[in-house]
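So this note's numbering is basically just the index in the sequence shown, starting at one, shifted up by 47.
Backbone N, C-alpha and C fix where the C-beta goes; we use that ideal spot for every residue, glycine too.
Given the structure is predicted, the values throughout are model-derived calculations rather than measurements.
Below is one structure, written out as structure tokens; the observations come after it.
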Amino acid sequence: LKLLHALVVDQRYDPSDLRMVAVGGARTPPGLIEAARRVGLPVHEGYGMTECGSVICLNAPGQDRTGSVGRPLRHLQLRTDATGQILIDGPHHLGQVGTTAAPARQWATGDRGSIDAQGFVHIEGRIGNSYCTAWGRNIAPEWIEAELDAQPEIAQSFVHGRELPANVAVVVPSGHGDPAAAVDRANAGLPDYARISLWCIRQQPFGPVDGSATSNGRLCRSRLFELHQTELERLIRELGSAPAFLLNQTERIPA
Numbered sequence: 048l049k050l051l052h053a054l055v056v057d058q059r060y061d062p063s064d065l066r067m068v069a070v071g072g073a074r075t076p077p078g079l080i081e082a083a084r085r086v087g088l089p090v091h092e093g094y095g096m097t098e099c100g101s102v103i104c105l106n107a108p109g110q111d112r113t114g115s116v117g118r119p120l121r122h123l124q125l126r127t128d129a130t131g132q133i134l135i136d137g138p139h140h141l142g143q144v145g146t147t148a149a150p151a152r153q154w155a156t157g158d159r160g161s162i163d164a165q166g167f168v169h170i171e172g173r174i175g176n177s178y179c180t181a182w183g184r185n186i187a188p189e190w191i192e193a194e195l196d197a198q199p200e201i202a203q204s205f206v207h208g209r210e211l212p213a214n215v216a217v218v219v220p221s222g223h224g225d226p227a228a229a230v231d232r233a234n235a236g237l238p239d240y241a242r243i244s245l246w247c248i249r250q251q252p253f254g255p256v257d258g259s260a261t262s263n264g265r266l267c268r269s270r271l272f273e274l275h276q277t278e279l280e281r282l283i284r285e286l287g288s289a290p291a292f293l294l295n296q297t298e299r300i301p302a
């Protein structure tokens with residue numbers, strides 16, 4: 048969506064023939080959706096899984112709530128369990144290759160979220176990716192990463208803060224502008240406990256070449272920890288020596 052928005056802003060693409068643009072696959076910041084709509088892109092966010100025949104929820108013209116992934120399709124029923132995991136009732140995949148057992152009718156998505164009073168579904172992130180900070184704050188890193196990645200100066204980001212007093216990040220710059228300004232802008236839109244305090248630069252994009260991300264851009268977090276262990280440990284040491292009043296500020300630590 049960021050690329051499509053840039054093409055329209057640069058007048059290299061005319062969106063006047065588009066009736067609807069559905070986005071999904073990863074969290075999309077509300078600010079990016081609103082910016083896309085301002086330049087004429089009829090963007091609506093959705094949510095899906097291969098196991099459920101792709102689309103599960105979708106915002107649509109006249110039935111849209113920014114910040115949500117829309118309401119479920121009519122043949123599916125969604126609810127959350129005690130942990131906040133989204134569960135889906137309804138037809139889905141017939142089974143897994145190499146297994147004989149039929150899947151349960153209720154599908155556990157592995158995603159944490161909520162459903163509001165009007166039936167709109169809000170996705171926080173993958174349960175396995177969430178972490179608790181040293182201050183007891185539960186954070187879905189996808190939320191912070193989406194805000195960083197929405198900035199034109201940042202191509203990709205990886206956020207870590209498990210058991211830390213503040214969040215740190217590995218940032219891949221887009222090559223357009225100063226990523227420090229982008230981190231500052233992203234932080235300005237985040238609550239203090241979600242802001243990035245220290246970060247470092249990675250020049251190579253995340254991707255399947257080194258196993259840091261899948262071919263469709265999903266981060267491989269354990270591999271990123273392995274690849275950037277030295278940088279992350281250095282950032283964590285810096286956090287440990289920083290006075291408390293500095294933890295709500297941001298600083299790039301050189302590689």
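Exercise. A202 lies in the beta strand (DSSP E); which residues open and close that run?
Worked result: I201 to H207
Problem set entry | H169 vs G114 beta-carbon contact at 8 angstroms | yes
For this session: Mind checking which residues open and close the alpha helix (DSSP H) that includes P255?
Result: P255: not part of any alpha helix (DSSP H); DSSP gives it neither H nor E.
Problem set entry | Sequence-distant residues of its chain with Cβ nearer than 7 angstroms to F292 (five each side left out) | Residue confidence for F292 is low, a pLDDT of 40 falling below 50, so the modelled location carries little weight and cannot support an answer.
Exercise. So R265 is in the beta strand (DSSP E); what residue range does that whole segment cover?
Worked result: Note, R265: premise wrong, no beta strand (DSSP E); not H, not E.
Exercise. Is F205 near L271, with beta carbons less than 8 angstroms apart?
Worked result: yes
For this session: Enumerate in chain order the residues of its own chain whose CB-to-CB distance from N329 is below 6 angstroms, with the five nearest sequence positions on each side excluded.
Result: What is shown of the chain runs 48 to 302, which leaves residue 329 out entirely.
Problem set entry | Residue from G157, G236 and Q58 whose Cα sits closest to the Cα of N176 | Measuring from the Cα of N176, the nearest candidate turns out to be G157.
Problem set entry | Per-residue burial, V256 [other beta carbons within 10 Å of its own, 16 or more giving buried] | exposed
Exercise. How about the region 186 to 202 and the region 65 to 84: do they share at least three Cβ pairs that are nearer than 8 angstroms?
Worked result: yes
Problem set entry | Proximity test, N234 beta-carbon vs the ligand FAD heavy atom, cut-off 7 angstroms | The ligand content of the structure shown is nil, which means the ligand FAD is not present either.
For this session: Starting from the N-terminal side, write out each stretch of the alpha helix (DSSP H) that is 4 residues or longer and does not extend beyond the region 156 to 215.
Result: 188 to 196
For this session: Starting from V56, follow the alpha helix (DSSP H) in both directions and report where the run begins and ends.
Result: K49 to V56
Problem set entry | Close-in-space but distant-in-sequence residues of the same chain around P220 (CB under 7 angstroms, 5 per side omitted) | E200, I201, A202, P226 and I248
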